[in-house]
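The numbering of the sequence shown is the working numbering, which starts it at 4 and goes up by one.
Where a beta carbon is used, it is the ideal one built from N, C-alpha and C, also for glycine.
Worksheet: the structure to be examined is printed underneath.
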Amino acid sequence: MIRIEQLAYVVAASTDIESWRRFAEDVVGLCARDAPDGGLYLKLDERRYRLLIVRGERNHYVASGWQLADEAAFTAAARVLEEKGVPFAYGAAQLCAQRGVQALLLLQDPAGNCHELFWGHAADFGRFVSPAGVPAFVTGSLGVGHTVLPAPNFDACWTFYRDVLGFGLADFYRHRYTQDPQEPLKRIYFTHCANARHHSLALYEGEVPSGCVHLMLELTSMDEVGRAYDRMLRHGARLMATLGRHVNDQVISFYVATPSDFALEIGYGGALIDWERHSVFEAEAVSQWGHDFSVGFGASA
Ligand SMILES: [Fe+2]
């Protein structure tokens, strides 16, 4: 079994890198600097970057970067992929240099979502200095946050994540997104890797044109969420869901559209889970209060 330590980074593409720079600096408060090939490294902790924005023909989510503990874990992961017949490729030296890792395994899930497994991330240990005055993001061993990916062929995807990549189910939710009682319930599975963050990956049973439902970044206080909300309004960024509190990971958050056409959840207060004492449950609501998704997502998510 592959043991993933954390969601270490995310790669997204945009036709308009400068709008990402402004969004990252002015709304989210990230530290932006130029990356090779005209992209952007977005720094939010001691690492060189946590978000990498690359130039693209269209706006979309590119890949999720998953951290393995060391070279032995990396070699073991490659062996598991071979044994299970999962196609993969090794990242070329130039790609590893851009990602800032020692070695990369590139693969796709059954829905075509791209994943990168690596070991040995680069950390410049430069202090995170936010242009918006954000003191810190909650990262470290918990990873950058969580990502929610489309999985229309849900059963094949979940089998892959559980049996190949080693994710565990935290809880799940089933929902109809229209008033039609004949519409099949669509599932969202919230899944964790080898850290205490409630979920690093959630799977949504549906299609998403940008390749991602949302990415979540976590701030260190409720006031910082409020300040981010103010910056969103000042910047004219598009609200995708109103402020609310999730029932499962306990995060209080709002959602804003990114220049890569997926949403960014900016939140605070994520629960830390002791997986030895956790029981899986079916949540019959997504939020305790708030989170009106109709303002941005409409009927799509
Ligand atoms: Fe989320």
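Residue i versus residue j: straight-line alpha-carbon distance, rounded
{"i": "Phe157", "j": "Arg50", "result": "33 Å"}
{"i": "Thr245", "j": "Gln253", "result": "15 Å"}
{"i": "Leu54", "j": "Asp183", "result": "38 Å"}
{"i": "Phe175", "j": "Leu220", "result": "21 Å"}
{"i": "Phe296", "j": "Val216", "result": "12 Å"}
{"i": "Arg130", "j": "Asp48", "result": "7 Å"}
{"i": "Gly171", "j": "Ala15", "result": "25 Å"}
{"i": "Ala81", "j": "Glu186", "result": "40 Å"}
{"i": "Ala304", "j": "Ala205", "result": "Bear in mind that the predicted position of Ala304 carries a pLDDT of just 42, short of 50, making it unreliable; the figure below should be weighed with that in mind. Between Ala304 and Ala205, the C-alpha separation is close to 13 Å."}
{"i": "Leu98", "j": "Phe77", "result": "17 Å"}
{"i": "Arg6", "j": "Gly229", "result": "36 Å"}
{"i": "Ala231", "j": "Glu85", "result": "44 Å"}
{"i": "Ile269", "j": "Gly299", "result": "15 Å"}
{"i": "Pro90", "j": "Met243", "result": "36 Å"}
{"i": "Glu60", "j": "Gly42", "result": "13 Å"}
{"i": "Ile20", "j": "Cys34", "result": "14 Å"}
{"i": "Ser133", "j": "Asp127", "result": "16 Å"}
{"i": "Val30", "j": "Leu236", "result": "9 Å"}
{"i": "Gly143", "j": "Tyr52", "result": "13 Å"}
{"i": "His238", "j": "Phe140", "result": "21 Å"}
{"i": "Ala266", "j": "His124", "result": "26 Å"}
{"i": "Asn116", "j": "Leu109", "result": "11 Å"}
{"i": "Thr150", "j": "Asp233", "result": "24 Å"}
Proximity test, residue i beta-carbon vs ligand 1 heavy atom, cut-off 6 Å
{"i": "Met219", "result": "yes"}
{"i": "Glu268", "result": "yes"}
When the options are compared against residue i, the one with the closest alpha-carbon
{"i": "Leu222", "options": "Val65, Tyr271, Ser67 and Phe26", "result": "Tyr271"}
{"i": "Val87", "options": "Met219, Arg25, Val151 and Phe163", "result": "Strictly speaking, residue 87 in this sequence is Lys, with Val absent from that position. Measuring from the Cα of Lys87, the nearest candidate turns out to be Phe163."}
{"i": "Ala260", "options": "Asp37, Val250, Ser213 and Val283", "result": "Ser213"}
{"i": "His202", "options": "Ala126, Glu186 and His281", "result": "His281"}
{"i": "Val57", "options": "Asp40, Trp69, Leu47 and Gln70", "result": "Asp40"}
{"i": "Val289", "options": "Glu279, His249 and Tyr44", "result": "His249"}
{"i": "Ser17", "options": "Gly169, Gly301 and His63", "result": "His63"}
{"i": "Arg241", "options": "Ser263, Ala286 and Ala96", "result": "Ser263"}
{"i": "Ala38", "options": "Trp23, Gly32, Val31 and Asp29", "result": "Trp23"}
{"i": "Glu208", "options": "Gly293, Leu152, Ala197 and Met235", "result": "Leu152"}
{"i": "Ala95", "options": "Gly293, Gln111, His178 and Phe121", "result": "Phe121"}
{"i": "Glu285", "options": "Pro138, Gly301 and Phe193", "result": "Phe193"}
Identity of the residues DSSP links to residue i by a beta bridge
{"i": "Phe195", "result": "For the sequence presented, residue 195 should be read as His rather than Phe. In the DSSP output, where bridge partners are listed per residue, His195 has Gly171."}
{"i": "Cys117", "result": "Gln111"}
{"i": "Arg190", "result": "Arg177"}
{"i": "Ala135", "result": "Ala135 pairs with nothing; no bridge assigned."}
{"i": "Ser67", "result": "Val13 and His118"}
Below-7 Å beta-carbon distance, residue i vs any chain B residue
{"i": "Met219", "result": "The structure shown contains no chain B; it is built from a single protein chain."}
Heavy atom of ligand 3 within 6 Å of residue i beta-carbon
{"i": "Gly103", "result": "The ligand content of the structure shown is limited to ligand 1, which means ligand 3 is not among them."}
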